[in-house]
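**Q** Take 163 as the starting number for the sequence shown in my numbering and just add one per residue.
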Amino acid sequence: MTLDSRVAASGDLFVAVQGHQADGRRYIPQAIAQGVAAIIAEAKDEATDGEIREMHGVPVIYL
Numbered sequence: 163m164t165l166d167s168r169v170a171a172s173g174d175l176f177v178a179v180q181g182h183q184a185d186g187r188r189y190i191p192q193a194i195a196q197g198v199a200a201i202i203a204e205a206k207d208e209a210t211d212g213e214i215r216e217m218h219g220v221p222v223i224y225l
């Protein structure tokens, strides 16, 4: 599990949240390209809480 898309690797869980300096949700495509197995993303302004979407075959769970 990682918050840093730069170190996300095949099989990892990527956690994409809005931080003080950057919004981790912007890096979802990069994490997918690096082979993550699933993504947990902050739902704020993106989706409803508990919604599950799929991006390029990778489940994205919004909380």
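Ideal placement from N, C-alpha and C gives every residue a C-beta, glycine not left out. All values reported here derive from a predicted model rather than from experimental measurement.
1. Based on Cα-Cα distance, which residue from Leu225, Arg168, Tyr189 and Phe176 lies nearest to Gly212?
2. Going by other Cβ atoms of all chains shown within 10 Å of its Cβ, with 16 needed for buried, is Ile214 buried or exposed?
3. Would you mind stating whether Ala227 and Gly197 have Cβ atoms separated by less than 8 Å?
4. Which class does Gln183 belong to by DSSP, given the choice of helix, strand or coil?
5. Measure from the alpha carbon of Val169 to the alpha carbon of each residue in Asp185, Gln180 and Ile194, then state which is nearest.
**A** Walking through what the data contain:
1. On the sequence shown, residue 212 is found 50 positions in, with the first residue counted as 1. Residue Leu225 is the option with its Cα nearest to Gly212.
2. Taking the first residue of the sequence shown as position 1, residue 214 is located at position 52. It counts as exposed.
3. Lying before the first or after the last residue shown, residue 227 is absent from the chain, which here runs from 163 to 225.
4. Against the sequence shown, residue 183 aligns to sequence position 21. Looking at Gln183 - three-state DSSP - the assignment turns out to be coil, as it is neither helix nor strand.
5. One-based indexing of the sequence shown puts residue 169 at position 7. When each option's Cα is compared against that of Val169, the closest is Ile194.
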